[in-house]
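Colleague: Residue numbers (my numbering), protein chains in the order written: chain A, 1 to 253; chain B, 254 to 506. Starting off with a structure, shown below.
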DNA sequence: CGGTCTATTGACTGGGGTCAACCAGGGTGG
DNA sequence: CCACCCTGGTTGACCCCAGTCAATAGACCG
């Protein structure tokens, strides 16, 4: 069913027109006729299944990839073979911009679930920029926002405790879901505990224990990968490291 | 003396022509006449002293800053007031690109020593791009390389031990110095132990102990901020987490 | 039902953080 | 020229958060 939908999506004449991601995608800010031109240039390969790669570290970079549906994780690999997940990517996100400078991909992008990707070749993008100059700024815009997100991650990995990291992660995920029209209170995690742990610089046991603790404190409800945020204010307080003040407030009341 | 030199630099008609950083700066790949045009648009304010800010997190973004001489650290600040240093910037590096997306700076850039900065307003840059389209790609290029560097940092903070982090840091610094024509073997650190520790997600005591240990193992020679790399191969092995194999090799021999 | 994969839980350990004392340069002023 | 302090760095003793190891429990699927 999903696959069929996706095939149909691939055969549409102008899949970008009416795509729910158009507000976040490279097409943001384009007129309908510009979006139509853009759409004609994009390729829509058959959907990837869980574990399949969009591209791999070291491959040559010749096109951008945009997530249309599903979810993708990206990770870098160290010389001794360890992975570090650097991001999870939702519909509308643009992948592979790291390759612009060096001409080759510097991280691997892998589907976490059945995922449809839209591709735009670098060459077509260049052509297109000549006709719609604002598109060039759009790409800088996207790239700089991705950089800001990574800087936030540096702060998390460098300075935050494990509970702060998980709280931040869930809040980010929640607002990312909300921005895509899904519930901000109930999150269906597309990634495993292992992926979360790796992303946050922790091990799976620590993440598991934190989920249990947050649940017992009434902050979350946890059922496998379905996470409910029961007390957003307290989750925010944990993320901001105000949890002690919060608990004190609680104790007094 | 330094200040006088810098003032003179600021009064030059075409400071970019003949600037030693021209190979790394935005001007890379421009012809002499293009560089001259570029040069006319740049501002060269009087040099900053140690501790002075190039720009601060939250300020509106309206110009790029390029390091001409000296050294700059950049850091983000968390809601509870903690800093995380996200990079050190040497001559030729471009600062403030994070502001493109949001229109405001998302990190603070602060001089570590007396530092000269070249400024180019966003408006002038846009004008200039219309005349020299390749410059637009140049900026994407720089931005994507900065992103790749940050991804490497994520790997360090997420997965590496303290000794791996310091070894990586010193090797990176060494090659950065070498790329700027300075010695790769003897490094004069522009930043304090505290800055190094913060950057690497450690505390000052740990960094101090590591320096002492590396010296006693014959990998480094340490005299305050003058660091000599005595055994680059072993430093690389530590960074790659091959140190045990290495020591075993050593023990057998 | 057995097999496998993912997640949870418990007991224990250790790398790196914390706290505190001390040291070494390098101004500064008498 | 020395006495003083002050900042930045080093060293030691101790501790704790999160990692490691290992056993168990569920979900999912043939």
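Heads up, the beta-carbon is just placed ideally off N, CA and C, and yes, glycines get one too.
What's the C-alpha gap between residue 94 of chain A and residue 67 of chain A?
Modeller: For the pair residue 94 of chain A and residue 67 of chain A, the Cα-to-Cα distance works out to about 7 Å.
Colleague: When you compare the CB of residue 270 of chain A with every CB in chain B, is at least one pair closer than 9 Å?
Modeller: Outside the displayed span of chain A (1 to 253) sits residue 270 of chain A, for which this structure offers no information.
Colleague: Below 8 Å on the Cβ atoms is my contact criterion, and I expect residue 317 of chain B with residue 349 of chain B to pass it. Report the Cβ-Cβ distance as a whole number of Å.
Modeller: 6 Å
Colleague: Can you list the residues of chain B that residue 93 of chain A reaches, using a CB-CB cut of under 9 Å?
Modeller: The contacting residues do not exist; residue 93 of chain A stays about 14 Å from chain B at best.
Colleague: At what residues does the alpha helix (DSSP H) containing residue 307 of chain B begin and finish?
Modeller: Not the alpha helix (DSSP H): residue 307 of chain B falls in the beta strand (DSSP E), residues 306 to 308.
Colleague: From what residue to what residue does the alpha helix (DSSP H) around residue 424 of chain B run?
Modeller: 415 to 432
Colleague: Taking only runs that begin and end inside the stretch 463 to 491 of chain B, name each unbroken beta strand (DSSP E) of 3 or more residues, in chain order.
Modeller: 473 to 476 and 479 to 482
Colleague: Which one or two residues does DSSP pair with residue 325 of chain B in a beta bridge?
Modeller: For residue 325 of chain B, which the question treats as bridged, DSSP gives the partners B:342 and B:364.
Colleague: Secondary structure at residue 132 of chain A, three-state DSSP: helix, strand or coil?
Modeller: Correct three-state label for residue 132 of chain A: coil.
Colleague: Determine the direct distance from the alpha carbon of residue 446 of chain B to that of residue 391 of chain B, and round the result to whole angstroms.
Modeller: 34 Å
Colleague: Whether or not the stretch 395 to 410 of chain B and the stretch 298 to 305 of chain B are in contact is what I'm after, with contact meaning three or more pairs of Cβ atoms, one per stretch, closer than 8 Å; do they touch?
Modeller: Segments in contact, no.
Colleague: Is there a C-beta anywhere in chain A that falls below 9 Å from the one on residue 488 of chain B?
Modeller: It does not; no Cβ of chain A falls within 9 Å.
Colleague: With respect to the alpha helix (DSSP H) encompassing residue 33 of chain A, which residues constitute its N-terminal and C-terminal limits?
Modeller: It spans 32 to 41 - the alpha helix (DSSP H) in which residue 33 of chain A sits, taken as one unbroken run.
Colleague: Taking the continuous beta strand (DSSP E) assigned at residue 116 of chain A, which residues delimit it?
Modeller: 116 to 121
Colleague: Is there a Cβ from chain A that is less than 9 Å from the Cβ of residue 260 of chain B?
Modeller: A caution first: residue 260 of chain B carries a pLDDT of 46, below 50, which makes its placement in the model too unreliable to give a value.
Colleague: CB residue 287 of chain B to CB residue 401 of chain B, shorter than 9 Å?
Modeller: No, the Cβ-Cβ distance between residue 287 of chain B and residue 401 of chain B is not below 9 Å.
Colleague: What's the C-alpha gap between residue 254 of chain B and residue 23 of chain A?
Modeller: For residue 254 of chain B, the pLDDT reaches just 40, beneath the cut-off of 50, and the residue's location in the model is therefore unreliable, leaving the point undetermined.
Colleague: According to the Cβ coordinates, are residue 314 of chain B and residue 381 of chain B closer than 9 Å?
Modeller: No, the pair does not count as a contact, with Cβ atoms beyond the cut-off.
Colleague: Whose C-beta lies closer than 7 Å to the C-beta of residue 457 of chain B among residues of the same chain, with five residues either side of it excluded?
Modeller: Around residue 457 of chain B: 446, 447 and 450.
Colleague: Ordered along the chain, which non-local residues of its own chain (more than five positions away) have a Cβ less than 8 Å from that of residue 219 of chain B?
Modeller: Outside the shown range of chain B (254 to 506) lies residue 219 of chain B, about which nothing can therefore be said.
Colleague: Would you say residue 115 of chain A and residue 70 of chain A are within 9 Å of each other, going by their C-beta atoms?
Modeller: yes
Colleague: Count the C-beta pairs between the stretch 432 to 445 of chain B and the stretch 468 to 486 of chain B that are closer than 8 Å, then say yes if the count reaches three, no if not.
Modeller: yes
Colleague: Mind checking who residue 66 of chain A pairs with in its DSSP beta bridge?
Modeller: A:94 and A:118
Colleague: Strictly under 9 Å for the Cβ-Cβ distance: is residue 54 of chain A near chain B by that measure?
Modeller: no
Colleague: Residue 119 of chain A: buried (16+ other C-beta within 10 angstroms of its C-beta) or exposed?
Modeller: buried
Colleague: Going by C-alpha distance, which of A:164, A:228 and A:121 is nearest residue 206 of chain A?
Modeller: A:164
Colleague: Going by beta carbon distance, what residues of the same chain come within less than 6 Å of residue 199 of chain A, once the five residues before and after it are set aside?
Modeller: 85
Colleague: Using only the alpha-carbon positions, how far apart do residue 502 of chain B and residue 489 of chain B sit?
Modeller: Confidence at residue 502 of chain B is low in this model, with a pLDDT of 47, below 50, so the placement of that residue should be treated as unreliable; the coordinate-derived value is given next. In a straight line, the C-alpha of residue 502 of chain B is about 15 Å away from that of residue 489 of chain B.
Colleague: By DSSP, does residue 330 of chain B sit in helix, in strand, or in coil?
Modeller: strand
Colleague: Of all Cβ atoms in chain A, is any one closer than 9 Å to the Cβ of residue 503 of chain B?
Modeller: Bear in mind that a pLDDT of 47 at residue 503 of chain B, under 50, signals an unreliable position, so the number given afterwards is only what the model happens to contain. Closer than 9 Å: no.
Colleague: If I'm right that residue 357 of chain B touches residue 312 of chain B with Cβ under 8 Å, what's the distance once you round it to whole angstroms?
Modeller: 6 Å
Colleague: Taking 9 Å as the CB-CB limit, is residue 148 of chain A close to chain B?
Modeller: Output row for residue 148 of chain A: interface = yes.
Colleague: When Cβ atoms are compared, which residues of the stretch 369 to 396 of chain B fall closer than 9 Å to chain A?
Modeller: 379, 382, 383, 386, 389, 390, 392, 393, 394, 395 and 396
Colleague: Do we get a CB-CB distance below 9 Å when we pair residue 227 of chain A with the residues of chain B?
Modeller: With its beta carbon at least 9 Å from every one in chain B, residue 227 of chain A lies outside the interface.
Colleague: Flag residue 463 of chain B as yes if its beta-carbon sits less than 9 Å from any beta-carbon of chain A, otherwise no.
Modeller: Judged by the 9 Å Cβ criterion, residue 463 of chain B is not in contact with chain A.
Colleague: If we cut at 9 Å on Cβ distances, does residue 416 of chain B have a partner in chain A?
Modeller: no
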